[in-house]
Amino acid sequence: MLDVTIIGGGVVGCLIGRELSRYQLKTLLVEKKSDVADATTKANSAIVHAGFDAKPGSLKARFNVAGNAMYDQVCEELAVPFKRNGSLVLAFSDDELPALHELRDRGGVNGVPGLELLTGEETRRREPNLAETVIEALLAPTGGIVSPWDLTIAAAENAMDNGMDLMLDAEVTAIGRVPGGWRLIAGGRTIDTRLVINCAGLYSDQIHNMVSEPCFKIHYRRGEYFVLDRSAGGFVSHTIFQCPSEKGKGVLISPTVHGNLIVGPNAEEVATPENLETTMDGLDEVRKAARMSSARIPFGAVITSFSGLRPTPSTHDFIIGEAKGAPGFIDAAGIESPGLTAAPAIAVHVAGLVREQLGGLEPKPGFNPRRRPLVGFAHLSSSEKAAWIREDPRFGRIVCRCESITEGEIVDAIHRHAGATTLDGVKRRLRPGMGRCQGGFCGPRVVEILARELGVPMSEVRKDGPASVLLTGETKSELKAVRA
Amino acid sequence: MNTYELIVVGGGPAGLAAAIEAHQHGARRILILERDRELGGILQQCIHNGFGLHIFKEELTGPEYAERFICQLEALGIEYRLDTMVLDVHEDRTLDVISSKHGFETLKAQAVVLAMGCRERTRGAINIPGTRPAGIFTAGAAQRFVNMEGYMVGKRVVILGSGDIGLIMARRMSLEGAAVLAVAEILPYSGGLTRNIVQCLDDYGIPLYLSHTITSITGRDRVEGVTIARVDERRKPIPGTEIHYDCDTLLLSVGLIPENELSKSIGLALDPVTSGPVVNESMETTVPGIFACGNVVQVHDLVDWVTEEARRAGKSAARFVLGQLKAAAPELVTKAGAGVRYVVPQQIRIENLEKEVDLMLRVTDPCKNKWLVARSGETIIKKAKKAHLTPGEMESLKIPVDKLRGLTGELTLCLEEVAQ
């Protein structure tokens, strides 16, 4: 019997997995998709919030501020990019000033350091592209930006380096009691485990309801975004928010850690957790709202648009703790914004719950908090490049010419723990396909490498999920069948 | 440091022709650097025929066309390296190069010819609302899968854009047993060659919807359908004109763009219209000794014209190496006037012309019965009557050197009405 089974490989599940890998536990993470970080985690604003938004006393407030403070260390250990670029909330009229000042006051109560109100002129001095109509802004120096999927993939990898197991393509279809714990059916396999941690995001109410009274419901609130080319990455240096309303935090403009500019999201409730369409109306709404912060956003430099779903709980706060009437079944559910920021603190808290449940935790000797950094060939010096190619000739072969990514790096991304199994998985880890050609050139070559390294025919290589086949079969297969 | 007289970046049709021509004009120690596993470039995946009508007076397939040059290259003993990527070209004509075989190297050349070709645009897909499932390919990526790897990309296909590769792929997919349901083109005319529309669409009964675009893509894991709609003059979809297709594949053929990351890193002046380097009559860029030719300069519609342009670049590079090319400021700058989108070359040094200058251009809109005129101020230098003009087909105007002598300033190419 396993000690702990985590359901869901988003940022919360993977950071919990990493936290638990510090201890002598048999831990398994099950994920229904073909990769970790493949739902809400990969499609959000990628912001590490300072923590002035959440209602004082809420779990959101507590874990936001605590999580924010942990980011420097977590990202340093996991070798993923993180930047405290600071954030600004803009007010455009006297009507908005009370709301802006309330944010400052809330921030004070929540324990957010360094908050400061700036005049319109001072705001524009720091961000010259912002609108003349800005009359005041709240500066939060601890606000930051991170790549949520880089962080999550790295956390899963580091957890596995320290002994955690990962099952992909393993949707949980049933959970029942067994003596001393729980029995899960996941991806057709039977898993017995003492404790279950529900980090199923958009599906966390459904998983909860398998073992306990329904006591919350997840609403799917879709947000649509634009990503702009790196030529626009310096348009603003801070993350620019608008004053929040009951619909959400408003549309933001922010640099990303990869040097692009992100603009979004709107907020629209949709009926299913699979509705990831972008819409003409939604994208227009984002464009219009963002222009209030700056009319000069270079939308001509848009390289892609996407949408993500917020798992908004009916209780309006994170749901963290043992489910009623289900001993050993712990919810970490309804983790919407500021969930990315809160995740490291939630992980530590949940590990504490596990400690209570199991009556103590033994540290694992040899636990290594550090994950081996990615090679990042494009950014190496000439002599370092030469050394890598001498070590492994596959680093001498550039596969993605837009981002100068080598075959060696792709093979590495496939064979690391929690490695890529799909085309999008490679893309998330290394960014081939995110450059100018959007994968037109390197796509066929990456498919070839995936097939070779995974030992499957090219026609079985998928874009992302289990049914996302890229190639429908060999050419002339009917003819070959007739001849045979 | 390894030193060469000439290094050619790219072993596609442009690079091959440039290297051979340079050799024939006296350059030695020539090296071609090719990133792929074989020479020939994109021609190797173009297994259809229609190549070489002008250069060889016969119809060849892409690989056959490439082979003619590769054989000649081998016979001349010109050195080439495969599986080799140029990371940087510097103004002093040193190149940072990597390969599995030789590791990281810096090579030095007296002259460089840039022949990196072009890449496919994906912009047409960016603003399509809907999902992003598997089954959306650029036409060129699909062509590689089908023709070189031997895999089908889908069974029911819609194509966005009527660029030549999309048209060729419409026929290829049909021949491979797929159903090609429609080609949607946002412009009121096709950007592809007329012969391709006839031979690849009409002959297979595939409808071409002009002034149409895709308004939505559905399908969670794999494409399940696309909707197209007519667009108004501002290219906005007109509600009520939608046609839905159940399909599993969307191919994008929305144009090509010169591959100029290296050119940018050297700091070459680029032409904002062609997206390629500014070149002179010798196909020399704004950095002396660095030449460019083929689709890296401007996207051609026929490989034959790539070969011609590359021969000019190769010959000029040899003359540069041998000290025969006269370094001078250009006397003439070409300009695109009414009805003309761009002109290549952008600069002319009359001294370096032998017999004539061959000006290549594209028009802005389809039109009939026009004079294509070259003017220097009010003076008409040369004019030619054109019965049919379309942006999809490159035009050329040859001007004898005698007519250019003594001119300075701008040489404007424009379209003018033919008096009835």
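Sequence lines, in order, name chains A and B. Each residue of the first sequence is one higher than the one before, starting from 1444 at the first, in our numbering. Each residue of the second sequence is one higher than the one before, starting from 6 at the first, in our numbering. Positions of the beta carbon are idealized from the N, C-alpha and C atoms, including for glycine. Keep in mind the model is a prediction, meaning the values are calculated, not measured.
If you check the beta carbons only, do residue i and residue j fall under 8 Å apart?
i, j, result
"Lys375 (chain B)", "Glu26 (chain B)", "no"
"Gln351 (chain B)", "Val423 (chain B)", "no"
"Asn1709 (chain A)", "Gly1666 (chain A)", "yes"
"Val228 (chain B)", "Asp253 (chain B)", "yes"
"Asn1553 (chain A)", "Val1479 (chain A)", "no"
"Ser1590 (chain A)", "Ala1675 (chain A)", "no"
"Ser1501 (chain A)", "Gly1908 (chain A)", "no"
"Gly1551 (chain A)", "Pro1787 (chain A)", "no"
"Cys123 (chain B)", "Glu264 (chain B)", "yes"
"Pro18 (chain B)", "Thr312 (chain B)", "yes"
"Ala139 (chain B)", "Asp226 (chain B)", "yes"
"Val118 (chain B)", "Ala332 (chain B)", "no"
"Gly1851 (chain A)", "Val1818 (chain A)", "yes"
"Lys1503 (chain A)", "Phe1761 (chain A)", "yes"
"Ile164 (chain B)", "Val185 (chain B)", "yes"
"Arg1926 (chain A)", "Trp1592 (chain A)", "no"
"Glu1519 (chain A)", "Val1791 (chain A)", "no"
"Ile1634 (chain A)", "Phe1678 (chain A)", "no"
"Glu400 (chain B)", "Val368 (chain B)", "yes"
"Leu100 (chain B)", "Asp41 (chain B)", "no"
How would you list, in chain order, the residues of chain A whose beta-carbon sits under 7 Å from the beta-carbon of residue i?
i, result
"Gly155 (chain B)", "Glu1917 and Thr1918"
"Thr136 (chain B)", "Leu1719 and Glu1720"
"Gly182 (chain B)", "Glu1921"
"Asp88 (chain B)", "Arg1840"
"Lys160 (chain B)", "Thr1915"
"Arg239 (chain B)", "What Arg239 (chain B) touches in chain A: nothing, since even the nearest Cβ is about 14 Å away."
Mapping DSSP to helix, strand and coil, what is residue i?
i, result
"Pro1787 (chain A)", "helix"
"Tyr194 (chain B)", "coil"
"Arg1840 (chain A)", "coil"
"Gly1460 (chain A)", "helix"
"Phe296 (chain B)", "strand"
"Asn1641 (chain A)", "strand"
"Leu1627 (chain A)", "strand"
"Asp169 (chain B)", "helix"
"Leu38 (chain B)", "strand"
"Cys76 (chain B)", "helix"
"Met153 (chain B)", "helix"
"Pro1499 (chain A)", "coil"
"Arg1872 (chain A)", "helix"
"Gln1685 (chain A)", "strand"
"Gly374 (chain B)", "One point to set straight first is that residue 374 (chain B) is Asn, not Gly, in the sequence displayed. Three-state DSSP puts Asn374 (chain B) in a strand."
Anything in chain A within Cβ reach of residue i, meaning under 9 Å, just list it in chain order.
i, result
"Ile248 (chain B)", "Correct list: empty, because the minimum Cβ distance to chain A is about 17 Å."
So, at 6 Å on beta carbons, what are the nonlocal neighbours of residue i in its own chain, with the 5 sequence-adjacent residues on each side left out?
i, result
"Ala341 (chain B)", "Tyr347 and Val348"
"Ala1542 (chain A)", "Cys1686"
"Gly197 (chain B)", "Ser167, Gly168, Asp169, Leu172 and Gly397"
"Lys388 (chain B)", "Trp376 and Val378"
"Tyr194 (chain B)", "Pro371"
"Leu81 (chain B)", "His28"
"Ala315 (chain B)", "Ala19, Ala22, Ala23, Cys298 and Gly299"
Residue i versus chain B: which residues are under 7 Å apart at the beta carbon?
i, result
"Glu1711 (chain A)", "Neighbours of Glu1711 (chain A) on chain B: none; closest Cβ ~13 Å, over 7 Å."
"Ile1683 (chain A)", "None at all; the shortest Cβ gap to chain B is about 23 Å."
"Arg1665 (chain A)", "What Arg1665 (chain A) touches in chain B: nothing, since even the nearest Cβ is about 12 Å away."
Going along chain B in order, which residues have a C-beta closer than 9 Å to the C-beta of residue i?
i, result
"Arg1730 (chain A)", "Here the premise fails: no neighbours, minimum Cβ distance about 11 Å."
"Val1912 (chain A)", "Ala139, Gly140, Asp226 and Arg227"
"Ser1847 (chain A)", "Met90 and Leu92"
"Pro1836 (chain A)", "Ser104, Ser105, Lys106 and Gly108"
"Ser1902 (chain A)", "Tyr156 and Met157"
Skipping 5 residues on each side, what residues in its chain have a beta carbon closer than 7 Å to that of residue i?
i, result
"Pro1806 (chain A)", "Arg1465 and Tyr1466"
"Pro1716 (chain A)", "Leu1645, Tyr1646, Tyr1663 and Leu1752"
"Pro335 (chain B)", "Asn285, Gln352, Ile353 and Arg354"
Which bits of chain A does residue i rub up against, with CB to CB less than 8 Å?
i, result
"Val151 (chain B)", "Thr1918"
"Asp101 (chain B)", "Ser1825"
"Glu40 (chain B)", "In the sequence under discussion, the amino acid at residue 40 (chain B) is Arg, which differs from the Glu named in the question. Within chain A, the residues near Arg40 (chain B) are Ile1841 and Arg1844."
Exercise. Of all the alpha helix (DSSP H) runs that stay within the bounds of the stretch 1518 to 1601 of chain A, which reach a length of 4 or more residues?
Worked result: 1540 to 1553 and 1563 to 1569
For this session: At 4 residues or longer, and completely inside the stretch 198 to 276 of chain B: list those alpha helix (DSSP H) runs for me, N to C.
Result: 266 to 271
Exercise. What residue ranges within the stretch 1746 to 1830 of chain A form continuous alpha helix (DSSP H) runs of no fewer than 4 residues, ordered along the chain?
Worked result: 1782 to 1801
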